[in-house]
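Have a look at the structure below, then the notes.
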Amino acid sequence: MADSNNYNPPGELPIVKENVTISVFAPASTDIARADSDMTKWMEEITNVHVEWETAAGDAFQEKLQLTLASGAYPDMIAAGTSRVDKMVEQQWGMQKLLIPLNQYYDTVSVGYKNAFEKIPGMRDYITSLDGNIYSMPNIDGALQIQFPNKMWVNTEWLKNVGLQAPTTTDEFYHMLKAFKEQDANGNGDANDEIPFSAVNSNQPLDIFLMNPFILCPEGRMWLDNGKLVFSVMEPAYQEGIRYLNKLYAEGLINPEMFTWDATTQVNTNENGSEPVLGAVLAQRPGNFCDLSGYPDNSHKWEQYYPIAPLQGVNGNEMITNYNAYSSTLQTGVAMITSTCKEPEAAFRMVDLLATEEMTIITTNGPKGQGWRDAVDGEIGLDGSPAKVTIESEQRPANWGGWDQLMGRVQTPEYLAGISYVQDPYSPALNPMQGRHVVLYRSSLDYQKVAQPLESVLPSLYYSNDVINEFSMLKTTITDYVNEMLVAFVTGSKNIDTDWDAYMSQLKTLGVERYMQIIQETYNESPFAK
Ligand SMILES: [Ca+2]
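Listed below in structure tokens is the structure:
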């Protein structure tokens, strides 16, 4: 049994007076052996918690973890990093008492997560299982561009060349694409090499940004209207939005290759010639359509692009954009403590220490004074207010790596906004306040201003064992069909008017009513509805 006298009060270091050992099962670091990392040694020095690592190569991690658990020889802690354990599996392990509930630690000794709970609305609800217990310690990426990842990047040089302002309506967007197509928008003397609009279908479905003026369409295409589930793809306004997309396609304004392109093809196509060939691109970040590598000698084409704000609603709709409040920001299934751990408080407090704002930058950038320092007067953060810390170089010390997203890194939106950069690492020629971090942050504010209300966001939920298999099957079948029909309607291989009824009836045949019922009932039972 753990000796409670061995513990210093919460928030004080070291965590324990006399060394304790925690065994941790983790994916191997590609950087440096976990035990050899300078950060590992430093963590032990400041906490008195010694970690005994057991690792498996990243792609074998899940399989080896299953084998380890099946053998009954549990590690004290699982630190899955980016090989996250599925939300449902995590809940199942918790209910089987393989993992211990962490509520008491969150309530009594937490410092880092306590701060995060206060700053991130809905966070505690999101990580609470159906039985009311919390079984894991999440990573949090609170960057604004993660919450608003579906941006329409437009080439601002092209806008100047065709004499247009950034479009604010679906009509203006259409006319902009037409101008891109008909004119030599990139100014290379060839009027036919412009691709007016593209996206990589695998990570940015075509119905995400351009559908919002017609009907709100988040990733997953579902949202809550006063607690009642809406599946956008079944609504008449969605049909109208598809008519618009079909018009763009029929007039040659949408890249016909986008449905089969991957990100690399898109980047290479745009980087191939002396001038970019993509006009508008639906993407999370410039790296999805430009090559930012090879610093400082890359093409710098990305600097021509800036995201336009969400378009105005049609038919009197308010301007609205989808808000990815939970799924990418709050990463569950990262760090979990097993029932055989003899020092669960030490394990929790070690991860909770990593979850403090101070540790975020140490984990990511290295020790203070090596690449980063406290900000001085006059340095401002991304949000324009006085900065808290200043990053001078994003090159951290060579032996520091391995802990980044391994367990408990918490980047709150407020903290990230308070970072000042001496030099934008992707664009040395630019003033840092015009650099990539700033572009991503500032353009996200245009989206945040018209974000769907938080209560209308459908989070990914913990489903009960009774329905999980049925739910997963319905989800796969229905999502595949909806994606297939989206392409068919947009490209015209199915007719959006004459084939719409058949589409609706096929959705019913596939079980869409039951699918929505499961989600609605699970949502109603979740902490979000209470
Ligand atoms: Ca041209």
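For the sequence shown, our numbering begins at 1 and goes up steadily by one.
In this text, a Cβ means the ideal position worked out from N, Cα and C, and glycines have one as well.
Close beta carbons around residue i, own chain, < 7 angstroms, minus the five adjacent residues each side
i: alanine 199; result: Leu206, Met258, Val281, Leu282 and Ala283
i: glycine 204; result: Residue 204 is actually glutamine in this sequence, not glycine. Closer than 7 angstroms at Cβ, skipping near neighbours: Asn150, Leu282 and Ala283.
i: phenylalanine 471; result: Tyr463 and Ile518
i: tryptophan 261; result: Val200
i: aspartate 184; result: Asp190 and Ala191
i: tryptophan 302; result: Pro286, Cys290 and Leu292
i: asparagine 298; result: Asp291 and Leu292
i: glutamate 157; result: Gln304
i: asparagine 103; result: Asn133 and Ile134
i: leucine 13; result: Ile46 and Thr47
Chain-order list of residues whose beta-carbon lies under 6 angstroms from that of residue i (same chain, five-residue window excluded)
i: glutamate 44; result: His50
i: glutamine 145; result: Leu440 and Ser444
i: threonine 522; result: Leu461 and Tyr463
i: valine 548; result: With the chain covering 1 to 530 only, the question about residue 548 has no answer from this structure.
i: alanine 263; result: Val200 and Asn288
i: serine 328; result: Ile146
i: serine 110; result: Asp352
i: glycine 81; result: Pro27, Gln405 and Leu406
i: lysine 17; result: Asn6
C-beta contact flag for residue i and residue j at 8 angstroms
i: isoleucine 134; j: proline 101; result: yes
i: aspartate 446; j: alanine 309; result: yes
i: valine 334; j: methionine 407; result: yes
i: leucine 210; j: leucine 245; result: yes
i: isoleucine 496; j: arginine 221; result: no
i: alanine 28; j: alanine 79; result: no
i: proline 236; j: glycine 313; result: no
i: aspartate 131; j: methionine 88; result: no
i: leucine 454; j: glycine 241; result: no
i: isoleucine 15; j: methionine 350; result: yes
i: glycine 142; j: threonine 412; result: yes
i: glycine 418; j: serine 385; result: yes
i: serine 83; j: glycine 58; result: yes
i: proline 2; j: lysine 342; result: According to the sequence provided, residue 2 is alanine. The question's proline does not apply to it. Their beta carbons are under 8 angstroms apart, which means alanine 2 touches lysine 342 by this criterion.
i: lysine 119; j: glutamate 414; result: yes
i: serine 420; j: isoleucine 380; result: yes
i: glutamine 520; j: leucine 229; result: yes
i: arginine 34; j: threonine 55; result: yes
Cβ-based neighbour list, residue i, same chain, cut-off 8 angstroms, excluding 5 preceding and 5 following
i: arginine 396; result: Thr364, Asn365, Gly366, Gln370 and Gly371
i: valine 277; result: Asn186, Asp193, Glu194, Ile195, Thr269 and Asn270
i: glutamine 452; result: Leu216, Pro218, Trp223, Ile320, Thr321, Asn322 and Tyr323
i: tyrosine 481; result: Gln506, Leu507 and Leu510
i: lysine 108; result: It should be noted that the sequence gives threonine, not lysine, for residue 108. The answer, listed in chain order, is Pro10.
i: tyrosine 515; result: Phe471, Leu474, Lys475 and Ile478
Burial state of residue i (16 or more Cβ within 10 Å)
i: aspartate 494; result: Contrary to the premise, residue 494 reads as lysine rather than aspartate in this sequence. Buried, because 16 or more other Cβ atoms sit within 10 Å of the Cβ of lysine 494.
i: tryptophan 403; result: buried
i: leucine 382; result: buried
i: glycine 492; result: exposed
i: tryptophan 153; result: buried
i: proline 256; result: exposed
i: tryptophan 53; result: buried
i: asparagine 431; result: Note on asparagine 431: pLDDT 49, under 50, position unreliable in the model; the coordinate value appears next. Asparagine 431 comes out exposed.
Integer-rounded CB distance, given that residue j should sit under 8 angstroms from residue i
i: valine 490; j: tyrosine 249; result: 5 angstroms
i: glycine 279; j: asparagine 155; result: 5 angstroms
i: valine 389; j: isoleucine 362; result: Wrong, their Cβ atoms sit about 10 angstroms apart, outside the cutoff.
Item checked: Every unbroken beta strand (DSSP E) within the stretch 331 to 414, with a cutoff of 3 residues, ordered by chain -> 372 to 374 and 389 to 391
Next item on the list: Pick out the complete beta strand (DSSP E) segments inside the stretch 227 to 301, 3 residues or longer, and give them in chain order.
Entry: 228 to 231 and 278 to 283
Note to self: Threshold first: 4 residues or longer. Then list the alpha helix (DSSP H) segments lying entirely within the stretch 440 to 503, N to C.
What the structure shows: 468 to 491
Note to self: Restricting to runs no shorter than 4 residues, where is the alpha helix (DSSP H) found entirely within the stretch 115 to 190?
What the structure shows: 123 to 126, 144 to 147, 156 to 162 and 170 to 182
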